[in-house]
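Asker: Protein sequences appear in the order of chains A and B.
The letter at position 16 of the first sequence is residue 16 when you use the working numbering, and the numbering goes up by one with no holes.
The letter at position 30 of the second sequence is residue 30 when you use the working numbering, and the numbering goes up by one with no holes.
Beta carbons: idealized from backbone N, C-alpha and C, even for Gly.
Here the structure is a predicted model, which means the values were calculated and not measured.
Take a look at this one; I'll ask things after.
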Amino acid sequence: MSETRLRSPLGRAIGLGSAKEGVHHWWMQRVTAIVLVPLILWPVISVIGLAGAERGALVAWLHNPMPAVLMIVLLVAIFYHTALGLQVVIEDYIHSEAWKLTALIVMRLLCILFVVRGVLAVLKLALGA
Amino acid sequence: MSDPRPLSPHLQIYRWQLTSVMSILHRASGIALAVGAILLVSWLGAASDGPESYTAFQHFMGSWFGLLLLFGWTVALFYHLCNGIRHLWWDTGRGLELRSVYASGWTVLAATAALTVVAWIAGLSGGSH
Chain A
1 MSETRLRSPL GRAIGLGSAK EGVHHWWMQR VTAIVLVPLI LWPVISVIGL
51 AGAERGALVA WLHNPMPAVL MIVLLVAIFY HTALGLQVVI EDYIHSEAWK
101 LTALIVMRLL CILFVVRGVL AVLKLALGA
Chain B
1 MSDPRPLSPH LQIYRWQLTS VMSILHRASG IALAVGAILL VSWLGAASDG
51 PESYTAFQHF MGSWFGLLLL FGWTVALFYH LCNGIRHLWW DTGRGLELRS
101 VYASGWTVLA ATAALTVVAW IAGLSGGSH
């Protein structure tokens with residue numbers, strides 16, 4: 001086998017090595033995608049039944065441990081995947097460094113805000129009377 | 001403005017291909033699903049806030065604009081899901097020949113249409129009672 005060097009001569013000369021997180025974004029996007037394939041189909045099927053339903057039916061459904069747990073995992077996976085995806089969109093289209101950083105931070109904060117709101121809502125419905 | 005060189009691709013004379021259009025649609029549907037995720041949180045949040053909030057949310061979702069959002073959400077979801085599976089398949093190094101890429105592309109479009117129709121038939125027949 002011929003020697004394959006992926007690192008640049010400059011990188012080797014500086015000798016700091018990689019930050020060891022080059023593939024982290026790519027990898028987590030795939031992991032959340034794989035998790036979301038079954039997880040997104042489940043609520044779509046369940047929620048279709050609840051679509052026109054009264055609030056009571058939704059509350060009763062989330063009172064079961066499995067739907068409540070899966071709904072929380074789903075919310076976390078959705079917003080993790082969304083943050084990773086929107087990050088790439090922002091990095092691709094916003095070229096001003098200041099605006100890019102601002103957009104990235106605002107986007108992340110919004111994702112955190114919505115996921116916390118969603119998880120709290122599920123907990124309240126699952127544990128409430 | 002000061003640079004008169006033509007853009008590439010030159011959009012007025014650009015011949016679209018299935019491959020590039022589907023790639024753009026994957027990103028567009030992803031952005032749409034970020035809005036859809038907010039819709040999901042709003043639904044759970046409205047339910048946790050109480051019966052009045054839930055009724056108001058249901059009223060909004062039952063309006064023409066709400067139904068349009070919901071329809072767009074299902075199309076975007078099924079497209080992003082099917083095309084996402086296509087991407088995961090590519091990640092294993094398979095299906096990358098041009099013939100396979102086109103075959104899986106048309107399959108994704110057909111599956112998106114079929115799943116959307118099935119979901120809406122199920123939703124409209126289940127939601128009426």
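Look at V115 (chain A) and F79 (chain A) and say whether their C-beta atoms are less than 8 Å apart.
Answerer: Against a cut-off of 8 Å, the Cβ pair of F79 (chain A) and V115 (chain A) comes out as a contact.
Asker: Would you mind sorting R86 (chain B) into buried or exposed? The rule is 16 or more other CB atoms within 10 Å of its CB.
Answerer: Buried: at least 16 other Cβ atoms inside 10 Å.
Asker: Determine, using beta carbons only, whether R117 (chain A) comes closer than 8 Å to chain B.
Answerer: Taking Cβ atoms only, chain B reaches closer than 8 Å to R117 (chain A), which makes this a yes.
Asker: In this structure, how does DSSP classify D3 (chain B) when only helix, strand and coil are distinguished?
Answerer: In the structure shown, D3 (chain B) sits in coil (DSSP, three-state: anything other than H, G, I, E or B).
Asker: Tell me which residues share the same chain as T82 (chain A) and place their Cβ nearer than 8 Å to its Cβ, disregarding the 5 neighbours each side in the sequence.
Answerer: Cβ within range, chain order: C111.
Asker: Cutting at 8 Å between CB atoms, please list the residues of its own chain near M28 (chain A), excluding the five before and the five after it.
Answerer: Answer for M28 (chain A): Y80, L84, listed in chain order.
Asker: Rounded to whole angstroms, what is the Cα-Cα separation between L127 (chain A) and P9 (chain A)?
Answerer: Each residue's alpha carbon lies about 58 Å from the other.
Asker: Would you say R182 (chain B) faces chain A, with C-beta separation under 8 Å as the test?
Answerer: Residue 182 (chain B) is absent from the structure shown; chain B starts at 1 and stops at 129.
Asker: Applying the 10 Å Cβ sphere with the 16-neighbour rule, what's the burial state of I105 (chain A)?
Answerer: Label assigned to I105 (chain A): exposed.
Asker: Tell me, please, whether the CB atom of S23 (chain B) is closer than 8 Å to any CB atom in chain A?
Answerer: False, the Cβ-Cβ gap to chain A never drops below 8 Å.
Asker: In whole angstroms, what separates the C-alpha of F57 (chain B) from that of L16 (chain A)?
Answerer: Those two C-alpha atoms are separated by around 54 Å.
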